[in-house]
Amino acid sequence: MKPIRTRFAPSPTGFLHVGGVRTAVFAWLVARQASGQFVLRLEDTDKQRETAGSDQHVMDSLHALGLDYDEGPDTGGPYAPYRQSERLNTYQAWARKLVDAGRAYADPYSPEEVQAFREQAQAEKKPFLYRNHRPNDPPVWDGSQPLRFKSDPKAYQWHDAILGDLSTGPEVVDDFILVKSDGYPTYNFAHIVDDNEMHITHVIRGQEFTASVPNYLNLYEALGLTPPILATVPHILGPDGKKKLSKRDGAKDVLDYLREGFLPDALINFIASMGWNDGTEQEIFSRQELIDKFSLERVQRGSAHFDERRLNWMNGAWIRQLPLNELFDKVQSFWPEEAADYDDTYKKAVLALVQERLKYFAELPELTRFFFTDLPINPSLLQDHKQLKKLSKAELTDLLEQAKHSLQASDFSSQDLSDRLNQLLEQTGQKPALLFSLIRIATTQAPASPGLADTLAVLGKERSLKRLQAQLDAFA
RNA sequence: GGCCUCAUCGUCUAGCGGCUAGGACACCAGGUUCUCAUCCUGGCAACCGGGGUUCGAUUCCCCGUGAGGUCACCA
């Protein structure tokens, strides 16, 4: 049995978005499930489109997501190098073989001439086929002209691990370019050579390549190679739009999600469950569960829309099930500036209170700021309150004075506060909706906060009473 | 335009001839002594259309329609 080997082969032209990552996730899952290898190969054969630093950016993204690869540009491996620009000799050798076998020839036309053929076909509303213009006596290939594959058009039927049985007629097989005039191979040629040299068993890629598969099959034959297992992953489309998720279309860098405090596990869970499920009603999958249960056969055949609201929910669910200490470590860099002077014990107490309302870590400051600094008195919180706004300043003052009096005698344990708050309800004859709101607003000046007794307990006696007094002073 | 593929609630999806078409997100209502959130309960909401095949089609077939991909010296 050959070991299962999958690869992720992006071109370093920018960042990775969820669409691209999904292909990587599926390939990674297939390899991990079979205890095989997952390979990263950089397809940097287009020097025009390449952007500086994006190769590193891609590797950083995979590392950050925990999509560890066994072989790659930075880790090396038995089939190095893993950067196509460093493998030019290999492609040259394979290209020579095809030339010698009469299956490749130099393209004598200028780009303008080819473009004219293309426009002609377009005008006739016909698909463009280069082989209709295949030269009878092509010049000797000296490397300055593009090298074209001399195809042998025929009908194909093949099996796709996700899409199932596919077939096409001979009309889609054409003489495509193997090596460009700048000496670099095209994707169409290089990936086939590399997948073979690197012993890749499963080629898992986006659906933009399905139309080219017959060409690849034809090339495999010319090369005398057995094609690997093919799997086509449908695209992820934008939330509203119908277009495939793309950088242009506002798709976000996955690293940005990480930077905003989305958990790698949640992201992987979310990305995998767009287009895949195990047939049960389970929604939350750990990495290991994904590895155990994943199968290409159960991947959705149609494309899916990206819904960030579902990602938010899923990340929140992951955050909620994290042990407090673990969560604390992860949110280290997300605290509001004002938290800098506070110790870990205090911050953990705060974190425990907001854990269940955190969707992603970047929300931490707005959720917790009042625990670390006195917010200015915000009169609109009282004015907009549907019950409090009916009370006079004198009435509000009276209620707060009673609260202050009671809380002054408290030890500020959560239990004692809770008891005293209850006594206060009886004593004042007010409903919690009114009394608790008033105290909550006075002590937090925030539109929302965790439960009152817990909030006061964490805030502590001194600070709580000081804020109560500040609110009282504002009434005076 | 040719070729390929796809088609269940707004979104992600279960379903693989017979189900009151299930779950999740979102949304709405109620409950959990206050707000926000969690949690619980309930609600709204779908088989693209037309023909077949069949005792019976969401499911199988055909034709439409719609959507996506592709037709580069990009990947």
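So the first sequence is numbered by my numbering: it starts at -2 and just counts up by one.
For every residue, glycine included, the Cβ atom is placed at its ideal position computed from N, Cα and C.
Looking only at its chain, what residues have a beta carbon closer than 7 Å to the beta carbon of residue i, apart from the 5 residues adjacent to it on each side?
i: residue 450; result: 411, 414, 415, 418
i: residue 439; result: 397, 464, 465, 468
i: residue 92; result: 101, 144, 175, 176
i: residue 118; result: 124, 125
i: residue 394; result: 469, 472
Can you tell me which residues form a DSSP beta bridge with residue i?
i: residue 217; result: Per DSSP, none; premise fails for residue 217.
i: residue 68; result: 36
i: residue 296; result: 273
i: residue 365; result: BP columns for residue 365 are empty, so no partner.
i: residue 163; result: 155
i: residue 233; result: 301
i: residue 3; result: 35, 199
i: residue 146; result: 101
i: residue 250; result: 14
Near residue i, which residues of its chain fall below 6 Å by C-beta distance, leaving aside the five closest residues on each side in sequence?
i: residue 259; result: 312, 357
i: residue 401; result: 465
i: residue 452; result: 446
i: residue 475; result: Outside the shown range of the chain (-2 to 473) lies residue 475, about which nothing can therefore be said.
i: residue 470; result: none
i: residue 29; result: 288
i: residue 185; result: 173
i: residue 431; result: 384
i: residue 27; result: 3, 199
i: residue 458; result: 409
i: residue 169; result: 211
Can you tell me whether residue i is buried or exposed? The criterion is at least 16 other CB atoms within 10 Å of its CB, across all chains shown.
i: residue 50; result: exposed
i: residue 340; result: exposed
i: residue 179; result: exposed
i: residue 211; result: buried
i: residue 56; result: buried
i: residue 377; result: exposed
i: residue 361; result: buried
i: residue 475; result: The structure shown does not extend to residue 475, since the chain is modelled only from -2 to 473, so the question has no answer here.
i: residue 112; result: exposed
i: residue 384; result: exposed
i: residue 69; result: buried
i: residue 14; result: buried
i: residue 53; result: exposed
i: residue 381; result: exposed
i: residue 48; result: exposed
i: residue 285; result: exposed
i: residue 429; result: exposed
i: residue 426; result: exposed
i: residue 187; result: buried
Enumerate in chain order the residues of its own chain whose CB-to-CB distance from residue i is below 8 Å, with the five nearest sequence positions on each side excluded.
i: residue 307; result: 267
i: residue 103; result: 135, 136, 137, 138, 139, 142, 143, 144, 145
i: residue 461; result: 404, 409, 440, 453
i: residue 223; result: 217
i: residue 315; result: 260, 262, 263, 266, 281
i: residue 85; result: 180, 181, 182
i: residue 434; result: 382, 384, 385
Is residue i near the ligand PLP, going by C-beta to nearest heavy atom under 7 Å?
i: residue 251; result: You won't find the ligand PLP in this model; it holds no ligand whatsoever.
Stretch pair the stretch 197 to 206 + the stretch 65 to 80: three plus CB contacts closer than 8 Å
Taking a contact to require three or more Cβ pairs closer than 8 Å, the stretch 197 to 206 and the stretch 65 to 80 do not qualify as touching.
Any contact between the stretch 2 to 13 and the stretch 175 to 183? By contact I mean 3 or more CB pairs, one from each, below 8 Å.
The count of Cβ pairs closer than 8 Å, one atom from the stretch 2 to 13 and one from the stretch 175 to 183, stays below three, leaving the stretches out of contact.
Touch check for the stretch 343 to 356 and the stretch 439 to 453: three-plus C-beta pairs under 8 Å?
They touch, by the three-pair rule.
Validate contact between the stretch 209 to 222 and the stretch 141 to 151 using beta carbons, cut 8 Å, 3 pairs
Under the three-pair Cβ rule at 8 Å, the stretch 209 to 222 counts as touching the stretch 141 to 151.
Please give the ranges of any alpha helix (DSSP H) in the stretch 171 to 230, keeping only runs that are unbroken, at least 4 residues long and fully inside the region.
Those alpha helix (DSSP H) runs which fall completely within the stretch 171 to 230 and span 4+ residues are 184 to 194, 210 to 220.
Can you find at least 3 beta carbon pairs, one from the stretch 149 to 165 and one from the stretch 31 to 45, that sit closer than 8 Å?
No, the stretch 149 to 165 is not in contact with the stretch 31 to 45.
Unbroken stretches of the alpha helix (DSSP H), 4 residues or longer, contained in the stretch 59 to 107:
Runs found: 85 to 97.
Three or more C-beta pairs closer than 8 Å, one from the stretch 368 to 376 and one from the stretch 326 to 346: is that the case here?
With three or more CB-CB distances shorter than 8 Å, the stretch 368 to 376 counts as touching the stretch 326 to 346.
Should the stretch 285 to 303 be regarded as contacting the stretch 322 to 331, the criterion being three or more beta carbon pairs within less than 8 Å?
No contact exists between the stretch 285 to 303 and the stretch 322 to 331.
Within the stretch 347 to 426, note down every full alpha helix (DSSP H) run reaching 4 residues or more, in order along the chain.
The qualifying runs are 361 to 369, 376 to 380, 390 to 405, 411 to 425.
Segment contact flag, the stretch 248 to 258 with the stretch 14 to 31, C-beta cutoff 8 Å, min 3 pairs
When C-beta atoms of the stretch 248 to 258 are compared with those of the stretch 14 to 31, three or more pairs fall below 8 Å, so the two segments count as touching.
Counting beta carbon pairs with one atom in the stretch 126 to 135 and one in the stretch 180 to 199, are three or more of them shorter than 8 Å?
Result no; under three Cβ-Cβ pairs closer than 8 Å.
Taking one C-beta from the stretch 79 to 99 and one from the stretch 278 to 296 each time, how about it: are there three or more such pairs within less than 8 Å?
Contact between the stretch 79 to 99 and the stretch 278 to 296 is absent, with fewer than three C-beta pairs closer than 8 Å.
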